[in-house]
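Visitor:
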Amino acid sequence: MIILGFESSCDETGVAAVCTERGLLAHALHTQVAMHAAYGGVVPELASRDHIRRIVPLTRTVLKQAGIDLHQVGAIAYTAGPGLAGALLVGASAAVAMAWSLDLPTIPVHHLEGHLLSPRMADPCPDFPFVALLVSGGHTQLMRVDGVARYTLLGETLDDAAGEAFDKTAKLLGLGYPGGPALAQLATQGDASKISLPRPMLHSQDLDFSFSGLKTAVMTRLKEATAKLTETALIDAELAADSPAKSMVLAADLAAATQSAIVEVLVAKSVSALKQTGLRRLVVAGGVGANSDLRRQLAKKLERLQAEVFFPPLELCTDNGAMIAFAAAERVKHGLVDLNNPRDYSFNVT
Ligand code: KG4
Ligand code: ZN
Numbered sequence: 001m002i003i004l005g006f007e008s009s010c011d012e013t014g015v016a017a018v019c020t021e022r023g024l025l026a027h028a029l030h031t032q033v034a035m036h037a038a039y040g041g042v043v044p045e046l047a048s049r050d051h052i053r054r055i056v057p058l059t060r061t062v063l064k065q066a067g068i069d070l071h072q073v074g075a076i077a078y079t080a081g082p083g084l085a086g087a088l089l090v091g092a093s094a095a096v097a098m099a100w101s102l103d104l105p106t107i108p109v110h111h112l113e114g115h116l117l118s119p120r121m122a123d124p125c126p127d128f129p130f131v132a133l134l135v136s137g138g139h140t141q142l143m144r145v146d147g148v149a150r151y152t153l154l155g156e157t158l159d160d161a162a163g164e165a166f167d168k169t170a171k172l173l174g175l176g177y178p179g180g181p182a183l184a185q186l187a188t189q190g191d192a193s194k195i196s197l198p199r200p201m202l203h204s205q206d207l208d209f210s211f212s213g214l215k216t217a218v219m220t221r222l223k224e225a226t227a228k229l230t231e232t233a234l235i236d237a238e239l240a241a242d243s244p245a246k247s248m249v250l251a252a253d254l255a256a257a258t259q260s261a262i263v264e265v266l267v268a269k270s271v272s273a274l275k276q277t278g279l280r281r282l283v284v285a286g287g288v289g290a291n292s293d294l295r296r297q298l299a300k301k302l303e304r305l306q307a308e309v310f311f312p313p314l315e316l317c318t319d320n321g322a323m324i325a326f327a328a329a330e331r332v333k334h335g336l337v338d339l340n341n342p343r344d345y346s347f348n349v350t
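Residue numbers for the sequence shown follow UniProt numbering, so the first one is 1 and each next one is one higher.
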């Protein structure tokens, strides 16, 4: 069966076609990053309007790339939430309208289930059971995954998500939106050991996280260092000319220190989750899973522990339609979708 999937929960419009037997056939994505960058964050009203503009053209592209027409599609999946209400409604409305006109079932998909199962699109595909580290802009969770729809929450953030910590620190450092990739880029030029930052809840016995204090610590270090720079610059005229360069070095060191603190906690808690569950497979999903330092540190640590780590293909780490169509296909394959469901086409958006 071919499933068409829509993702529109935030600032990415994603459409994909997945076959239950052959896997991903095609996917297309439009990111609104450039549009929101001027505002320093996602503007919900603009996001919804852009999804409206993009969703049908992207669907055409996907059908063409997959070499199919709409009549070969067997079900239509969409992100039901969590996300921005107006943005979600665009994907849900498009899915329901198409399904109604073609007399097809709809499959509402939880956005996090999409992320969670996305590493199974990679080759090699991780078998169940595994521990999943779900790190996105809105969530940081450790889950035990025993199968499709068999998820147990092991721990989660008590305040900010890891992606949020990246984004907020990036904002403090005057980097663009979205902050995660920008901060990671700047970190490559910095020295993490020059600035000491807290490792929140690193030694707590549970599998929970807390990242909000990190942002405050970065702000304090930034203020202290800026004050010192200004003081020196005032005393020494020669240094004054040099201070913009010093600020750049400082920003790079802060970026490296922030990334290092976040990554260290994520790696340590993932290892604890593997130890506590006795599982030997870790799957990383969500936007922060694109971070190369996290990938490197996890790979290194898990190799030492003779455990395996799986990542989704880089392009499928952040929000996309493929993960939604794929999660729906996994549910269909496991007999979890009533394909003869009464076609009442009520919206299912959370
Ligand atoms: O999964 P995602 O695309 O959207 C949500 O469901 O939230 O994740 C977006 C988050 C943002 O916070 C973004 O800054 C972060 O993922 N992110 C990264 C990187 N790429 C995206 N954080 C660190 N390093 C990256 N390379
Ligand atoms: Zn997401």
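Virtual Cβ for every residue (Gly too), placed ideally from N, Cα, C.
1) I'd like to confirm the pairing. Which residues does DSSP put opposite Cys19 in its beta bridges?
2) Please return the same chain residues whose Cβ sits closer than 8 angstroms to the Cβ of His51, not counting the five positions on each side in sequence.
3) With a threshold of 7 angstroms (Cβ to nearest heavy atom), would Asp319 be considered close to ligand 2?
4) Could you pull the DSSP bridge partners for Arg54 from this structure?
5) Under 8 angstroms between C-beta atoms, does Ala94 make it to chain C?
6) Looking only at its chain, what residues have a beta carbon closer than 7 angstroms to the beta carbon of Gly41, apart from the 5 residues adjacent to it on each side?
7) Here's a check: name, in chain order, each residue in its chain whose Cβ is nearer than 7 angstroms to the Cβ of Ser260, leaving out the five neighbours to either side.
8) With a threshold of 7 angstroms, establish whether the CB of Ser136 neighbours any heavy atom of ligand 2.
9) Report the CB separation of Val265 from Met201 in whole angstroms; it is logged as a contact under 8 angstroms.
10) In whole angstroms, what is the alpha-carbon distance linking Ala165 and Asp103?
11) Tell me which residue opens and which closes the alpha helix (DSSP H) that Met201 is part of.
12) Within the same chain, show all residues whose beta-carbon is closer than 7 angstroms to that of Val309, passing over the 5 residues directly before and after it, in chain order.
13) Report the partner residues of Met143 according to the DSSP bridge assignment.
14) Can we say the stretch 327-340 touches the stretch 133-150, given the rule of at least three CB pairs closer than 8 angstroms?
15) Using the C-alpha atoms, what's the distance from Arg280 back to Gln306?
16) How about Ile195 and Leu134: do their beta carbons lie closer than 8 angstroms?
17) If we ignore side chains and look at the alpha-carbon of each, how far apart do Leu24 and Ala122 end up?
Guide: So, to answer that:
1) For the purposes of this step, residue 19 is identified with residue 19 of the sequence shown, where counting begins at 1. Ile2, Gly23.
2) By 1-based counting over the sequence shown, the position of residue 51 is 51. Counting only Cβ-Cβ distances below 8 angstroms, and skipping sequence neighbours, we find Ser8, Thr13, Ala87, Val90, Gly91.
3) Position 319 of the sequence shown holds residue 319. Checking the Cβ of Asp319 against ligand 2 gives yes.
4) Against the sequence shown, residue 54 aligns to sequence position 54. According to DSSP, Arg54 bridges with nothing at all.
5) The structure shown contains no chain C; it is built from a single protein chain.
6) Reading the sequence shown from its first residue, position 41 is the one you call residue 41. Excluding positions up to five away in sequence, the list reads Tyr177.
7) In the sequence shown, the residue the question calls residue 260 occupies position 260. Closer than 7 angstroms at the Cβ level, and outside the excluded window around Ser260, lie Ala192.
8) Within the sequence shown, the letter at position 136 stands for residue 136. Ser136: yes, Cβ under 7 angstroms from ligand 2.
9) As a working note, residue 265 is residue 265 in the sequence shown. As a working note, residue 201 is residue 201 in the sequence shown. Confirmed, about 7 angstroms.
10) For the purposes of this step, residue 165 is identified with residue 165 of the sequence shown, where counting begins at 1. For the purposes of this step, residue 103 is identified with residue 103 of the sequence shown, where counting begins at 1. Answer to the nearest angstrom: the Cα atoms are 44 angstroms apart.
11) On the sequence shown, residue 201 is found 201 positions in, with the first residue counted as 1. Counting along the chain, Met201 falls outside any alpha helix (DSSP H), and DSSP gives it neither H nor E.
12) Taking the sequence shown and counting its residues from 1, the one referred to as residue 309 is at position 309. Closer than 7 angstroms at Cβ, skipping near neighbours: Leu282, Val284, Leu298, Ala299, Leu302.
13) Taking the sequence shown and counting its residues from 1, one reaches residue 143 at position 143. Ala132, Leu153, per the DSSP bridge assignment.
14) yes
15) Here residue 306 is taken as the residue at index 306 of the sequence shown, counted from 1. Here residue 280 is taken as the residue at index 280 of the sequence shown, counted from 1. C-alpha separation (whole angstroms): 8 angstroms.
16) Here residue 195 refers to the residue found at position 195 of the sequence shown. Here residue 134 refers to the residue found at position 134 of the sequence shown. No, these two residues do not count as a Cβ contact at 8 angstroms.
17) Here residue 24 corresponds to residue number 24 of the sequence shown, with the count starting at 1. Here residue 122 corresponds to residue number 122 of the sequence shown, with the count starting at 1. In a straight line, the C-alpha of Leu24 is about 10 angstroms away from that of Ala122.
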